[in-house]
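Colleague: Quick one: this structure, given as structure tokens, is what I'll be asking you about.
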Ligand SMILES: [Fe+2]
Ligand SMILES: [Fe+2]
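Residue numbers (the numbering used here): 314 to 716.
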């Protein structure tokens, strides 16, 4: 199975992973043969990539750390929590940060915490944790997200990435659970900012931008002081836009650039907590790698470099080191191109990631530099240090990260 850009998909190809619609109805089931009209529908719905299964790539197994069933359950849970909260907003009229916080406390919070949707999410989290905890490496590609449900699908993928990292760091169960809840709901504060502002195509006014930058506060106010979920769950949304160098928002907290697994908070006041720092790396990684309506997903090798470059300034340096040790630069199933030597310009896919040398995967070359199919050729880059590769799809004007 490989991930293919929709403009290179042709009728007759087989769908590798089930594709879901806006309401999580099945659009195309895994194993279905594509027709032109199916491809047109997918294009119309804004899908830029999909997973394809074919004879030449059936030996490429892309592992998802969670099963379809659990992924779907978590995504739906998050969607329902958002919907329930949105429905209670009819009464919110405030347009200033202070007014919104007042409203959250007087009208929304109580119902939110008592809602069936919220309780379902908490109840189901154990199934999610159970599946994730058997994974050590983020070897495969992330999910294909639909345009309308991006927020919920991105929240699930960010949680998956966070938890694999948290597990590597041996965080205790309580912190891991709180991290999952916090990451699931990291952007819930955006609900309180009007769509008019969130989707404004023109330049935002200073006040509008200020209000958007308060979405972490709104999320925190909604979740805090709840014995069911714990303090960390509320601090993940609160701190997910903070940076190590203090240039983030809303509070401009600073990080220590060190791993500290024991303490919940740093003793020094005004410092970031590590669980939120984990969530931040996962959030940015997934946001960058995912397709968005305004740009295709940034290739994994570039995102890898972006996170590496952000270490120390944006992200906790020591955490980035661990993150990059479990995140392959070229995940299984990615389309790659050879950059040098006699096969320069030939393309193919990553067959599998070598756990001990994750920067040197096993690849399968399938097309020459003129895009003609050739007899597939497998090369294990572990044993051939001369060959350099890059992911296909590099383009110069990425609008890099937006959440
Ligand atoms: Fe955010
Ligand atoms: Fe996000």
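Heads up, the beta-carbon is just placed ideally off N, CA and C, and yes, glycines get one too.
Leaving out five residues before and five after residue 342 in sequence, what residues of the same chain have Cβ atoms less than 6 Å from its Cβ?
Modeller: Cβ neighbours of residue 342 beyond the five flanking positions: 331.
Colleague: Might you give, ordered along the chain, the residues of its own chain that have their beta carbon closer than 8 Å to the beta carbon of residue 631, omitting 5 neighbours on each side?
Modeller: Here the set comprises 570, 571, 572.
Colleague: Assuming residue 640 and residue 451 form a contact by the criterion Cβ under 8 Å, report the distance between their Cβ atoms to the nearest whole angstrom.
Modeller: Indeed they touch by this definition, with Cβ atoms about 5 Å apart.
Colleague: Considering only their Cβ atoms, is the gap separating residue 394 from residue 431 smaller than 8 Å?
Modeller: Yes, Cβ-Cβ distance for residue 431 and residue 394 is below 8 Å.
Colleague: Where does residue 580 land, buried or exposed, given buried means 16+ other C-beta within 10 angstroms?
Modeller: Reliability fails at residue 580, whose pLDDT of 49 lies under 50, so the model's placement of it is uncertain and the value that follows must be treated cautiously. Classification of residue 580: exposed, given that the 10 Å Cβ count is below 16.
Colleague: What separation, rounded to the nearest whole angstrom, lies between the Cα atoms of residue 381 and residue 564?
Modeller: Cα to Cα, residue 381 sits roughly 38 Å from residue 564.
Colleague: Got a sec: does ligand 1 put a non-hydrogen atom nearer than 7 Å to the Cβ of residue 554?
Modeller: Flag set: Cβ of residue 554 near ligand 1.
Colleague: With DSSP as the reference, identify every bridge partner of residue 686, one or two as the case may be.
Modeller: Residue 686 pairs with 680.
Colleague: Give me the Cβ distance between residue 494 and residue 542, rounded to the nearest whole Å; I'm assuming they're in contact under 8 Å.
Modeller: Their Cβ separation, rounded to whole angstroms, is 5 Å, which keeps residue 494 and residue 542 in contact under 8 Å.
Colleague: Is residue 528 close to ligand 1? I mean its beta-carbon at under 7 Å from any heavy atom of the ligand.
Modeller: Yes, the beta carbon of residue 528 sits closer than 7 Å to at least one heavy atom of ligand 1.
Colleague: Considering only heavy atoms of ligand 2, does any lie closer than 7 Å to the CB of residue 475?
Modeller: Because no heavy atom of ligand 2 lies under 7 Å away, the Cβ of residue 475 does not count as near it: no.
Colleague: Short of 6 Å in beta carbon distance, which residues of its chain neighbour residue 691, apart from the five on each side in sequence? Order them along the chain.
Modeller: The answer, listed in chain order, is 677.
Colleague: Just to confirm my understanding: we take residue 635, look at its own chain, exclude 5 residues before and 5 after, and list those with CB closer than 8 Å. What are they?
Modeller: Result list for residue 635: 478, 481, 482, 572, in chain order.
Colleague: Which same chain residues end up closer than 8 Å to residue 680 when comparing Cβ atoms and leaving out the 5 residues on each side of it in sequence?
Modeller: 659, 660, 661, 686, 687.
Colleague: Could you give the distance in angstroms between the alpha-carbon of residue 699 and the alpha-carbon of residue 654?
Modeller: Using only the alpha carbons, I get a separation of about 8 Å.
Colleague: Taking DSSP as the reference, what is the three-state secondary structure of residue 410?
Modeller: Helix.
Colleague: Span of the alpha helix (DSSP H) holding residue 642?
Modeller: Careful: residue 642 lies outside any alpha helix (DSSP H) and carries neither H nor E.
Colleague: Around the Cβ of residue 362, are there at least 16 other Cβ atoms within 10 angstroms (buried) or fewer (exposed)?
Modeller: So residue 362 counts as buried.
Colleague: Given this structure, state the Cα-to-Cα distance separating residue 517 from residue 375, to the nearest angstrom.
Modeller: Residue 517 and residue 375: Cα-Cα distance of roughly 41 Å.
Colleague: Is the Cβ-Cβ distance between residue 303 and residue 329 less than 8 Å?
Modeller: The question about residue 303 has no answer, for the chain in this structure spans 314 to 716.
Colleague: With the cut-off set at 8 Å, would you say residue 415 and residue 535 are in Cβ contact?
Modeller: In this structure, residue 535 does not lie closer than 8 Å to residue 415 by Cβ.
Colleague: If you run the structure through DSSP and keep just helix, strand and coil, what is residue 537?
Modeller: Coil at residue 537, not helix or strand.
Colleague: Could you check what DSSP says for residue 699 in three-state terms: helix, strand or coil?
Modeller: Reduced to three states, the DSSP call for residue 699 is coil.
Colleague: If you measure between the beta carbons of residue 624 and residue 633, is that distance less than 8 Å?
Modeller: Yes.
Colleague: Is the closest heavy atom of ligand 2 to the C-beta of residue 600 under 7 Å?
Modeller: Yes, the Cβ of residue 600 comes within 7 Å of a heavy atom of ligand 2.
Colleague: Take residue 670 and list the residues in its own chain whose beta-carbon comes closer than 6 Å to its own, dropping the five residues that flank it on each side.
Modeller: Answer for residue 670: 695, listed in chain order.
Colleague: Between which residues of its own chain and residue 417 is the CB-CB distance below 6 Å, once the five residues before and five after are set aside?
Modeller: These residues qualify, in order along the chain: 534, 535.
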